[in-house]
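One structure is given below, encoded as structure tokens.
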Amino acid sequence: MIIAQGHNLEQRFGAAPIFSKVNFSIENNARIGLVGPNGAGKTTLLKIMTGRQEASQGEFTVNKGIELG
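Counting from 4, one number per residue, gives the positions in the sequence shown under the working numbering.
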């Protein structure tokens, strides 16, 4: 069962995109990791996933009863 998913996520600071066209789903009991170079947007993506920041475009959804943080 998918518990959370991102669809066409994009984050921009000014004109420069940090990341774009990000799509993923997280299955129940999955273990995930984010790997990438400095400045790739890993922390920004985690902030979007926990609701601490809005994406410039796209949608991140979490099933009812699921708490991220």
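Even glycine gets a Cβ: it sits at the ideal position worked out from N, Cα and C.
These numbers were taken from a predicted model, which means no experiment stands behind them.
task: List the whole-angstrom C-beta distance separating Gln27 from Glu13, where the pair is believed to meet the contact cut-off of C-beta under 8 Å.
output: Note that residue 27 corresponds to Phe in the displayed sequence, not to Gln. About 13 Å; that fails the 8 Å criterion.
message: Is the beta carbon of Thr47 closer than 8 Å to that of Asn8?
response: A small fix is needed here, since residue 8 is Gln in this sequence, not Asn. It is not a contact, given that the beta carbons lie outside the stated cut-off.
Counterpart residues of Gln14 in DSSP-defined beta bridges: Phe22
field: Minimum C-alpha distance to Gly44 - residue among Gln56, Gly68 and Met4
entry: It is Gln56 whose Cα lies nearest to the Cα of Gly44.
- request: Inspect the beta-carbon positions of Ile35 and Ile5 and report whether they are closer than 8 Å.
  value: With contacts defined as CB atoms closer than 8 Å, Ile35 and Ile5 fail to qualify as a contacting pair.
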